[in-house]
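Numbering (the working numbering), first residue to last: 1 to 281. Virtual Cβ for every residue (Gly too), placed ideally from N, Cα, C. Below is one structure, written out as structure tokens, with a few remarks after it.
Here's what the structure looks like:
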């Protein structure tokens, strides 16, 4: 499906959308789908945009595509999704026309769904944790940010023009350079690694705490997790993007090298997916 992105012009150069941060560290924004407003998690790791069944009922009849899409959660759990066409997905003055999304019958409390990166392939934006807003950047503002930011190259995984995730390379404990999914939807201060790296990183599993976690979508799917300390995680491209002595989770069956949250990377983080860059400033 061809995606057409448009930004409504306003009297100011850089439109912005305020957000709230939950106690778990999720970024929650007001967004409108087909003109119906709801509360959504802005989720760089969602892949595709999702709404709950309760919210979908407010939208009336949606056109269901004949085909479906099977994706995999980071733990390898398959999720087969029906896809629906909607007229628009809007955050403030930014609007994606002729979008697609999926519907899941899940209870997310006050949250009506997840907004993915698919809407922003052509629109650079900044997540500003200081002022709690998402800013839609212009060519001029991007040039100014480039002069002061640390540039982290991104690798994009675009699946069948239906889902999009972003990755970057980080060096762990000065030993391994691994490619991590950057997932704002994971919460705050989240560092997840594949258990295959326990031995190469010299992790002491004898003293590590082991827990299990059932899937939110299928409670029968249970993941084993080892919690242990990691000395350092540093962006391969910039030593300024780093954290030290953090509690990490080593997860059985993780399909990636690792998954990290967004909040620790910087206070102001710009995504330019056209150039495959993350600018940290």
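Taking the runs of the beta strand (DSSP E) that are 3 residues or longer, which of them lie wholly in the region 8–75? 16–21, 27–33, 36–42, 50–52 and 63–72
Can you check the region 128–157 for any beta strand (DSSP E) of at least 3 residues that lies completely inside it and give the ranges in chain order? 133–136 and 150–153
Would you kindly check if the distance between the Cβ of residue 91 and the Cβ of residue 36 is under 8 Å? Your numbering for residue 36 matches position 36 in the chain shown. Your numbering for residue 91 matches position 91 in the chain shown. Not closer than 8 Å, so no.
When you compare each of 18, 45, 33 and 79 to residue 258 by their alpha carbons, which one comes out closest? By 1-based counting over the chain shown, the position of residue 258 is 258. It is 45 whose Cα lies nearest to the Cα of residue 258.
Is residue 201 helix, strand or coil when you go by DSSP? In the chain shown, residue 201 corresponds to position 201, counting from 1. Of the three classes helix, strand and coil, the one that applies to residue 201 here is coil, per DSSP.
Tell me the rounded alpha-carbon separation between residue 171 and residue 87. Counted from its first residue, the chain shown places residue 171 at position 171. Counted from its first residue, the chain shown places residue 87 at position 87. The straight-line gap from Cα to Cα measures roughly 42 Å.
Do residue 47 and residue 112 have their beta-carbon atoms positioned less than 8 Å apart in this structure? Here the question's residue 112 lines up with position 112 in the chain shown. Here the question's residue 47 lines up with position 47 in the chain shown. It is not a contact, given that the beta carbons lie outside the stated cut-off.
If the criterion is Cβ atoms closer than 8 Å, does the pair residue 248 and residue 228 meet it? Here residue 248 refers to the residue found at position 248 when the chain shown is read from its first residue. Here residue 228 refers to the residue found at position 228 when the chain shown is read from its first residue. Yes, these two residues count as a Cβ contact at 8 Å.
Is it true that the region 259–276 meets the region 119–139, where meeting means three or more beta-carbon pairs spaced less than 8 Å apart? yes
Buried or exposed: which applies to residue 185, given that a residue is buried once 16 or more other Cβ atoms fall within 10 Å of its Cβ? Reading the chain shown from its first residue, position 185 is the one you call residue 185. Looking at its Cβ environment, which holds 16 or more other Cβ atoms inside 10 Å, residue 185 is buried.
For residue 214, is the classification buried or exposed, using 16 other Cβ atoms within 10 angstroms of its Cβ as the cut-off for buried? Position 214 of the chain shown holds residue 214. By the 10 Å Cβ count, residue 214 comes out exposed.
Per DSSP, what kind of secondary structure is residue 258 in: helix, strand or coil? What you label residue 258 is simply residue 258 of the chain shown in a count that begins at 1. Here residue 258 sits in strand by DSSP.
What did DSSP end up calling residue 192 once you bin it into helix, strand or coil? The count along the chain shown starts at 1 and reaches residue 192 at position 192. In this structure, residue 192 counts as strand in the three-state DSSP scheme.
Quick one: residues in its chain with C-beta nearer than 6 Å to the C-beta of residue 252, no 5 flanking neighbours on either side, listed in chain order? Your numbering for residue 252 matches position 252 in the chain shown. The answer, listed in chain order, is 195 and 224.
So which of 61, 51, 226 and 140 has the shortest CA-CA distance to residue 283? In the structure as shown, the chain begins at 1 and stops at 281. Residue 283 is therefore absent and cannot be evaluated.
DSSP-derived helix/strand/coil call for residue 263: Along the chain shown, one-based indexing puts residue 263 at 263. In this structure, residue 263 counts as helix in the three-state DSSP scheme.
Does residue 176 come out as helix, strand or coil in the three-state DSSP assignment? Indexing the chain shown from 1 puts residue 176 at position 176. Strand at residue 176.
If you check the beta carbons only, do residue 233 and residue 191 fall under 8 Å apart? Locating residue 233 in the chain shown gives position 233, counting from the first residue. Locating residue 191 in the chain shown gives position 191, counting from the first residue. A contact, by the Cβ cut-off of 8 Å.
Assuming residue 220 is part of the beta strand (DSSP E), what are its boundary residues? If you number the chain shown from 1, residue 220 lands on position 220. Neither: residue 220 is in no beta strand (DSSP E) and is coded neither H nor E.
Rounded C-beta distance between residue 119 and residue 89? I'm assuming under 8 Å. The count along the chain shown starts at 1 and reaches residue 119 at position 119. The count along the chain shown starts at 1 and reaches residue 89 at position 89. The Cβ separation is near 6 Å, so the contact holds.
In three-state DSSP terms, what is residue 117? Translated into the one-based positions of the chain shown, residue 117 becomes position 117. Residue state, collapsed to three classes: helix.
From residue 141 to residue 26, what distance separates their C-alpha atoms? Indexing the chain shown from 1 puts residue 141 at position 141. Indexing the chain shown from 1 puts residue 26 at position 26. One C-alpha to the other measures close to 26 Å.
Report the rounded CA-to-CA distance for residue 132 versus residue 202, giving the unit in angstroms. Locating residue 132 in the chain shown gives position 132, where the first residue counts as 1. Locating residue 202 in the chain shown gives position 202, where the first residue counts as 1. Cα to Cα, the separation comes out at about 38 Å.
Please report the distance separating the alpha-carbon of residue 284 from that of residue 117. Because the chain here runs from 1 to 281, residue 284 falls outside it and cannot be looked at.
Spatial neighbours of residue 79 within its chain, please: CB distance less than 6 Å, with the 5 preceding and 5 following residues excluded, ordered by chain position. What you label residue 79 is simply residue 79 of the chain shown in a count that begins at 1. Excluding sequence neighbours, residue 79 sits near 71.
Distance check for residue 230 and residue 360, CA to CA, integer angstroms please. The question about residue 360 has no answer, for the chain in this structure spans 1 to 281.
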